Amino acid sequence: MRVGAQLFGQAWFQIAEWLFFALLVLALLGLVAVTVRRFVLERGGGAVECYLRTGAGDDPAPWRIGFGRYGSEELRWYRIFSLWPRPTAELSRRGLVIMGRRVPTPRDLAELTSDLVVIEVGWSAEDGTDPKEPVYEIAMSESALTGFLSWLESLPPGTIWQS
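All residue numbers for the sequence shown refer to my numbering, where the first residue is 502 and numbers rise by one.
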């Protein structure tokens, strides 16, 4: 009986050892995949690190770290720690309105650093009136905000603005 228990114990240990190494390899492959994805998406330029959350007010969603990539018509926002190749959010430049700008609140500082600037954005209505509630809040550095404002106010060459 003792020999059978020993063999069973050794077999279990070998299985556990293989499972541990398999999980370790999967975790490393996931880390490599996330790193390669970020490199590929940022390689083309026009990418800036920023935080994004939906809504504002008393009960907003949590901040999510990611990076925005500027396109000619929209800012595509990707989560940093994701394998999904598509953007999580696309913020169209047409009708985009900055509704407010502030420093992070003490509640925000649990997830953000104090050197960031928070802006509230929404889209103007079909009749051209300003939005009543912000759709997103974006937190970024002062220099990234300068780039965002420049992108928002400019148009690529050859583009005809239609209001």
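We put the beta carbon where it would ideally sit given N, CA and C, even for glycine.
Please read these numbers as outputs of a predicted model, since none were measured by experiment.
Can you tell me whether residue i is buried or exposed, with buried defined as 16 or more other CB within 10 angstroms of its CB?
{"i": "VAL604", "result": "exposed"}
{"i": "LEU525", "result": "exposed"}
{"i": "LEU610", "result": "exposed"}
{"i": "GLY601", "result": "exposed"}
{"i": "LEU576", "result": "buried"}
{"i": "GLY547", "result": "exposed"}
{"i": "LEU617", "result": "buried"}
Please state the DSSP three-state secondary structure of residue i.
{"i": "PHE521", "result": "helix"}
{"i": "GLU591", "result": "strand"}
{"i": "VAL533", "result": "helix"}
{"i": "LEU527", "result": "helix"}
Report the rounded CA-to-CA distance for residue i versus residue j, giving the unit in angstroms.
{"i": "GLU574", "j": "GLU638", "result": "19 Å"}
{"i": "GLY596", "j": "PRO632", "result": "10 Å"}
{"i": "GLU643", "j": "GLU550", "result": "12 Å"}
{"i": "ASP628", "j": "GLU634", "result": "16 Å"}
{"i": "ALA474", "j": "ARG539", "result": "Outside the shown range of the chain (502 to 664) lies residue 474, about which nothing can therefore be said."}
What does a CB cutoff of less than 7 Å around residue i pick up in its chain, not counting 5 residues either side in sequence?
{"i": "ALA451", "result": "In this structure the chain extends from 502 to 664, so residue 451 is not present and cannot be described."}
{"i": "GLU591", "result": "GLU575 and ARG577"}
Query raised in the report: If you scan the stretch 609–655 from start to end, which runs of the beta strand (DSSP E) of 3 or more residues do you find wholly inside it?
Result: Whole beta strand (DSSP E) segments, 3+ residues: 618–624 and 637–641.
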